[in-house]
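Before any comments, here is the structure.
Residue numbers (my numbering): 9 to 365.
Below is the structure:
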């Protein structure tokens with residue numbers, strides 16, 4: 009086992025639960041900053057001695073926020089499966105911080121949900137989806153204590169939803185499955201950590217949540233009414249890179265994708281061991297981490313490539329419904345140019361070299 013990213017004694021102070029929120033691994037980031045600072049000083053000293061020459065190109069930077077689905081890339085870094093001369097894995101505390109860094113040009117690549125990738129492209133950023141990482145397979149769920157009955161039991165109810173596109177999407181699909189619209193319920197914006205207390209106090213009748221909160225609600229007597237297995241192909245995490253980076257640094261992009269593939273292979277070979285190592289530095293218990301793991305399905309490299317390939321690709325065929333949902337929610341202005349958004353070149357190159365399985 010590798011050295012933990014942070015000391016176990018302080019891990020309870022370092023929240024890391026949501027794909028969209030909560031503070032990240034502060035001490036891990038501080039250590040990374042310190043290592044980077046020392047490296048820069050060393051490089052500066054070497055350059056001053058040399059007195060001339062081009063500085064080495066900075067590694068490609070990939071950002072990820074705190075979410076279990078992205079942890080194979082963290083594992084790859086911790087186990088030495090990332091070429092540090094080509095790729096730097098940057099952990100950020102929140103989804104908003106990841107987006108801000110990417111928009112400001114501080115990151116070359118980003119892990120995020122497909123709906124977020126569509127919104128980046130809709131805002132005019134030149135992004136390319138190069139891999140599908142994982143899919144929510146029951147991890148995102150609507151929990152509540154509504155009486156048995158038909159759609160009318162939902163009318164006028166108050167539903168807690170974390171302020172995120174994903175929560176709104178799940179609620180939208182659940183209501184549509186009942187023949188209802190978003191206008192038939194009252195949305196109560198609330199952080200996921202507060203959903204259980206709101207349910208127990210009767211302030212809301214249901215909550216759009218995810219693991220490990222969902223399991224805590226089950227233990228408290230609340231029941232699932234809908235989950236992400238009923239919207240296949242829509243809640244998926246993807247890896248995107250800037251179009252300019254893909255064009256100018258293809259070898260580094262290949263190294264990034266190879267690192268993900270290697271980390272994923274190591275992760276899937278020993279999920280329990282990976283969970284025990286990666287839970288350090290989080291506020292999750294090992295049980296919470298494994299519950300979140302169980303609600304995800306990771307895509308193997310060949311599955312990802314097949315999903316992205318073709319005209320139209322399977323991603324486009326399933327993504328058309330996601331695009332319609334985002335448009336209904338007022339979150340997309342333009343038609344998605346799927347052919348411009350997807351690029352299979354890195355995955356295809358790795359397959360030819362035997363880097364995908």
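From the three backbone atoms N, C-alpha and C, an ideal C-beta is built for every residue, glycine too.
Item: Reduced DSSP category for residue 68 - H, G, I as helix; E, B as strand; rest coil; Value: strand
Item: CB-CB length for residue 220 against residue 142, believed under 8 Å; Value: Contact doesn't hold; Cβ gap of about 16 Å is too wide.
Item: Beta-carbon contacts of residue 356 that lie in its chain and below 8 Å, excluding the five residues immediately before and after; Value: 313
Item: At least 3 beta-carbon pairs within less than 8 Å: the region 253–268 vs the region 159–171; Value: no
Item: Spatially closest choice to residue 290 from 180, 325, 101 and 238, by CA coordinates; Value: 101
Item: Residue 185 versus residue 301: straight-line alpha-carbon distance, rounded; Value: 26 Å
Item: Sufficient close CB pairs (3 or more, under 8 Å) joining the region 218–238 to the region 131–140; Value: no
Item: C-alpha distance - residue 169 paired with residue 98, whole-angstrom precision; Value: 28 Å
Item: Whole-number beta carbon distance between residue 70 and residue 116, since they are thought to touch under 8 Å; Value: 7 Å
Item: Per-residue DSSP class, three states only, for residue 141; Value: strand
Item: Short Cβ contact (9 Å threshold) for residue 181 with residue 333; Value: yes
Item: Residues near residue 276 by beta carbon distance below 7 Å, same chain, minus five either side; Value: 306
Item: Touching by the beta-carbon criterion (3+ pairs, under 8 Å), the region 200–216 and the region 146–155; Value: yes
Item: Cα-Cα separation, residue 278 to residue 76; Value: 15 Å
Item: Continuous alpha helix (DSSP H) stretch holding residue 125: start and end; Value: 122–130
Item: Whole runs of the beta strand (DSSP E) within the region 291–329, excluding any shorter than 3 residues; Value: 304–306
Item: Neighbour-count burial assignment, residue 26, 16 or more Cβ in a 10 Å radius; Value: Legend: pLDDT at residue 26 = 45, less than 50; position of this residue unreliable, value from coordinates given subsequently. Its Cβ being crowded by 16 or more others within 10 Å, residue 26 is buried.
Item: Local Cβ density within 10 Å of residue 361, reported as buried at 16 or more and exposed below that; Value: exposed
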